[in-house]
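Below: one structure, written as structure tokens.
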Amino acid sequence: MNSPEDILKQYWGFDSFRPLQNDIIEQLLRKQDVIALLPTGGGKSLCFQVPAIIQPGICIVISPLVALMEDQVKALQAKNIKAMALTGGIHFREVDTMLDNCIYGNYKFLYLSPERLQQELVQERIKQMQVNLIAVDEAHCISQWGHDFRPAYRNISLLRQLKPDVNVVALTATATLPVVKDIAQQLELKDVKLLQKSFRRENLAYIVKEAQDKNYYMEQLLREHNEAGIIYVRSRKATIELEQYLLKKGISATSFHGGLPKSEKSLRLQQWLKEDKRVMVATSAFGMGIDKANVRTVIHLNLPESLESYFQEAGRAGRDGKPAKAVVLTNKSDIPLLKNQFLATLPGVEMVKLVYKKLNSYFRIAYGEGEGTEHYFNFYQFCQKYELNTLLAYNTMQLLDRMSILTLAEQFQKKTRIQFLVTGKQINWYLEANPQFDAVVKSILRTYGGAFDSMVELNLQVIAGKAGTTVQEATKLLQQLQKEDIVNFEHDQHDTKITFLVPREDDITINPLIPYIKLQGKTKQEKIEQVLAYVENDRQCKSEQLLQYFGEKETEPCGICSVCRPLKTKLDREEMKRIYFAIIGLLEAQQYTSREMVERLDFQEDQIIKVLQLLVEKGALAITASNKYKLKHL
Ligand code: ADP
Ligand code: MG
1 MNSPEDILKQ YWGFDSFRPL QNDIIEQLLR KQDVIALLPT GGGKSLCFQV PAIIQPGICI
61 VISPLVALME DQVKALQAKN IKAMALTGGI HFREVDTMLD NCIYGNYKFL YLSPERLQQE
121 LVQERIKQMQ VNLIAVDEAH CISQWGHDFR PAYRNISLLR QLKPDVNVVA LTATATLPVV
181 KDIAQQLELK DVKLLQKSFR RENLAYIVKE AQDKNYYMEQ LLREHNEAGI IYVRSRKATI
241 ELEQYLLKKG ISATSFHGGL PKSEKSLRLQ QWLKEDKRVM VATSAFGMGI DKANVRTVIH
301 LNLPESLESY FQEAGRAGRD GKPAKAVVLT NKSDIPLLKN QFLATLPGVE MVKLVYKKLN
361 SYFRIAYGEG EGTEHYFNFY QFCQKYELNT LLAYNTMQLL DRMSILTLAE QFQKKTRIQF
421 LVTGKQINWY LEANPQFDAV VKSILRTYGG AFDSMVELNL QVIAGKAGTT VQEATKLLQQ
481 LQKEDIVNFE HDQHDTKITF LVPREDDITI NPLIPYIKLQ GKTKQEKIEQ VLAYVENDRQ
541 CKSEQLLQYF GEKETEPCGI CSVCRPLKTK LDREEMKRIY FAIIGLLEAQ QYTSREMVER
601 LDFQEDQIIK VLQLLVEKGA LAITASNKYK LKHL
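Counting from 1, position 103 in the sequence shown corresponds to residue 103 in full-length UniProt numbering; the numbering is continuous, with no gaps.
Quick look at the structure:
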């Protein structure tokens with residue numbers, strides 16, 4: 001039998017395990033049930049993959065997101081390890097073959113969505129498999145106290161009944177004490193070993209800074225070093241605007257959000273990883289699989305929605321162990337903003353019913369049907385058609401995803417379809433009179449049969465190539481033909497894919513979810529309040545606040561956060577000049593106390609006071625008997 005170290009070297013090429021990895025692996029090889037609490041990027045996957053490779057049989061991995069599964073399966077396949085993912089949207093017959101392969105085909109890993117587990121076929125086949133380990137990834141999803149509760153995760157304990165002798169490992173990066181207890185109970189873990197690495201990050205300074213001019217501070221922070229940074233913002237639009245802002249300031253930047261085409265996503269990620277671009281401006285869609293050591297600064301320009309997600313995003317800074325900063329820039333307008341964005345866009349029962357109904361009519365799904373069908377669409381167009389608030393609609397679809405009604409994925413796809421609305425003869429007449437359309441139309445007719453009878457899918461690249469023109473030009477010509485009712489031309493950019501997991505039964509589908517929908521609203525509200533408490537509490541070390549939130553008891557002040565070491569606001573000449581002119585501007589009109597000036601000026605209080613002192617020292621300002629400042633020469 002190979003040792004874990006051999007496997008690590010042979011398949012991953014790593015020389016040693018990270019802290020706790022070998023402890024976890026050792027316990028699993030002893031057939032213990034384990035809860036493994038390791039921070040994001042701590043290397044949780046290896047903890048179940050290594051023992052599964054060592055032992056005969058197959059490992060069943062439960063994971064909440066299709067994208068996560070696909071990532072891991074691809075990574076394993078690249079190492080010549082047989083792995084497959086069984087998710088929604090796969091046809092019954094194919095599922096059958098796949099499960100056969102798990103039993104007879106020497107597969108080492110079966111990744112399974114919890115929804116799949118509910119199918120009898122899957123359960124029957126699992127009984128026949130020689131399972132060596134059950135791994136529950138992102139195990140916090142099982143708990144309604146967690147930030148990402150998925151009711152279907154509650155069914156995982158079914159595996160225990162199917163395979164009573166197989167041990168279970170539950171892995172997560174974000175579990176508070178009640179969540180850990182919930183995990184143990186729900187998964188019916190026996191004599192469970194809790195292996196937990198402290199979430200303390202010695203080199204990471206957590207900073208919360210009040211800033212009226214956030215962009216200005218962001219720029220200052222980025223100029224402190226020349227290494228990689230991440231800026232998290234709330235909206236797709238903001239990623240683009242801030243990227244432009246940074247570029248204008250001469251700071252190398254790129255941006256990332258969920259709606260980008262796949263190729264564009266990986267291009268931009270690569271540019272950032274290879275440091276062709278220094279700063280990544282992103283929504284929280286940027287995260288999965290990001291493993292860059294020398295990120296010096298992570299800045300949140302908007303408040304995160306939970307401390308769990310904040311800790312994960314902030315934790316991308318300083319993986320190399322060198323000093324790094326995680327900064328939240330905040331001001332008074334954030335609180336209503338957060339409340340508006342999150343609380344006002346929390347879907348209630350009526351909204352869930354509405355969006356579900358609209359989705360079904362959009363894709364023309366008949367009552368009782370739709371299970372397993374996949375649909376690509378343009379999210380924005382969908383919202384426009386039914387006059388839905390985009391954020392609210394998006395949150396609703398995410399909720400439907402969490403409740404196992406459908407799977408939501410951001411997936412970019414261009415779909416182009418065409419049908420001719422006139423006869424062949426009429427087309428020929430038309431082309432004689434309008435020769436500019438000749439090449440494009442003829443290459444379509446030569447390439448695609450049936451375009452006179454029904455909509456056919458079109459590859460514009462191919463058509464443009466054959467017609468000796470560009471895709472843009474061909475698109476323009478076809479749009480003109482559309483206007484003249486010669487063709488029906490659909491040219492959509494799809495950015496979203498949904499897969500219905502259950503047949504459409506309107507309210508009957510949604511009604512059982514009502515308690516969860518209500519619970520979800522309450523949980524989200526609590527999460528937001530915890531974020532606000534973190535931002536506002538400047539009496540306790542920020543690092544300790546976070547660690548205690550995650551259930552660590554023995555914590556010590558970190559000595560480097562914004563509470564332990566209040567920012568000595570460095571005043572550079574530029575900033576001083578701006579404050580100076582602002583003060584002079586005020587005082588030219590009338591006298592003010594320092595308090596009154598702080599209220600009127602858009603700068604930090606301590607900085608204004610500092611400049612005032614300097615001006616008094618230099619004799620430019622005087623203080624009146626009523627404690628007001630005035631210009632000396634007036
Ligand atoms: P998690 O699931 O805890 O967030 P992953 O399992 O995705 O983390 O691993 C994060 C990264 O760390 C991966 O790129 C992985 O290859 C790497 N990694 C894991 N264990 C080791 C190790 N012992 N030595 C070096 N790199 C490792
Ligand atoms: Mg993981």
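Every residue, glycine too, gets a C-beta built ideally from N, C-alpha and C.
- With fewer than 16 other Cβ atoms inside 10 Å of its own Cβ, Phe581 counts as exposed.
- In the three-state scheme derived from DSSP, where H, G and I count as helix and E and B as strand, Ala78 is classed as helix.
- Three or more Cβ pairs drawn from the stretch 24-31 and the stretch 43-57 lie within less than 8 Å of each other, which places the two stretches in contact.
- Distances taken from the Cβ of Asp291 to the heavy atoms of ligand 2 include none shorter than 8 Å.
- In the pairwise beta carbon analysis, the stretch 422-434 is classified as not touching the stretch 506-516: fewer than three pairs are separated by under 8 Å.
- Taken through DSSP and simplified to helix, strand or coil, Leu65 comes out as coil.
- Under the three-state reduction of DSSP, Val611 is assigned to helix.
- When DSSP assignments are scanned along the stretch 371-454, the uninterrupted stretches of alpha helix (DSSP H) that are 4 or more residues long and fall wholly within it turn out to be 379-385, 390-402, 424-433, 438-447.
- Secondary structure note for Gly465: its alpha helix (DSSP H) is the uninterrupted segment 460-467.
- Taking every protein chain shown into account, the CB of Ile609 has fewer than 16 other CB atoms within 10 angstroms, so this residue is exposed.
- Partner residues in the beta bridge of Gly229, as assigned by DSSP, are Val279, Thr297.
- For the 9 Å CB-CB criterion, Lys44 and Ala173 form a contact.
- Annotated three-state conformation of Lys553 is coil, per DSSP.
- Exclusion of the five residues before and after Thr40 leaves Ala173, Gln312, Gly315 as the residues of its chain whose Cβ lies within less than 7 Å of its Cβ.
- In this structure, ligand 2 has a non-hydrogen atom nearer than 8 Å to the beta-carbon of Ala173.
- The three-state secondary structure of Thr509, taken from DSSP, is helix.
- Residue side-chain check: Ser306 keeps its Cβ at 8 Å or more from all non-hydrogen atoms of ligand 1.
- Proximity to Leu269 across Ser252, Ile290, Gly250 peaks at Ile290, based on C-alpha coordinates.
- Contact between Thr176 and Tyr549 is confirmed by a C-beta separation of about 7 Å, below the 8 Å threshold.
- A direct Cα-to-Cα measurement between Pro151 and Asp100 gives close to 28 Å.
- Beta-carbon to beta-carbon, Val279 and Ser252 are separated by about 7 Å, close enough to satisfy the 8 Å threshold.
- By the neighbour-count definition (other C-beta atoms within 10 Å, threshold 16), Trp429 is an exposed residue.
- Using a cutoff of 8 Å, the CB of Phe311 does not count as near ligand 1, since none of the ligand's heavy atoms is closer than that.
- Gln482: member of the alpha helix (DSSP H) spanning 471-483, first to last residue.
- Here the alpha carbon of Gln49 sits roughly 42 Å from the alpha carbon of Glu536.
- Residue range 262-273 is occupied by the alpha helix (DSSP H) that includes Ser263.
- Contact check for Asp401 and Leu408: beta-carbon distance about 4 Å, within the 8 Å limit, so the pair qualifies.
- Membership of Ile90 in any alpha helix (DSSP H) is not indicated, and neither H nor E is assigned to it by DSSP.
- Asp182 places its beta carbon 9 Å or farther from that of Ile156.
- Boundaries of the beta strand (DSSP E) around Asn132: 131-136.
- Excluding sequence positions up to five before and after Gln128, its CB lies within less than 8 Å of the CB of Ile103, all in the same chain and listed in chain order.
- In the DSSP assignment, Leu37 falls within the beta strand (DSSP E) that extends over 34-37.
- Excluding five sequence positions before and after Val295, the CB atoms of its chain that fall closer than 8 Å to its own CB belong to Glu227, Ala228, Gly229, Ile230, Arg316, Ala317, Gly318, Arg319, Ala324, given in chain order.
- Here Phe149 is buried, its C-beta having at least 16 other C-beta atoms within 10 Å.
- For Ile134, the closest C-alpha among the options Cys59, Arg234, Ile418 is that of Cys59.
- Leu532 and Asn331 have their C-alpha atoms roughly 11 Å apart.
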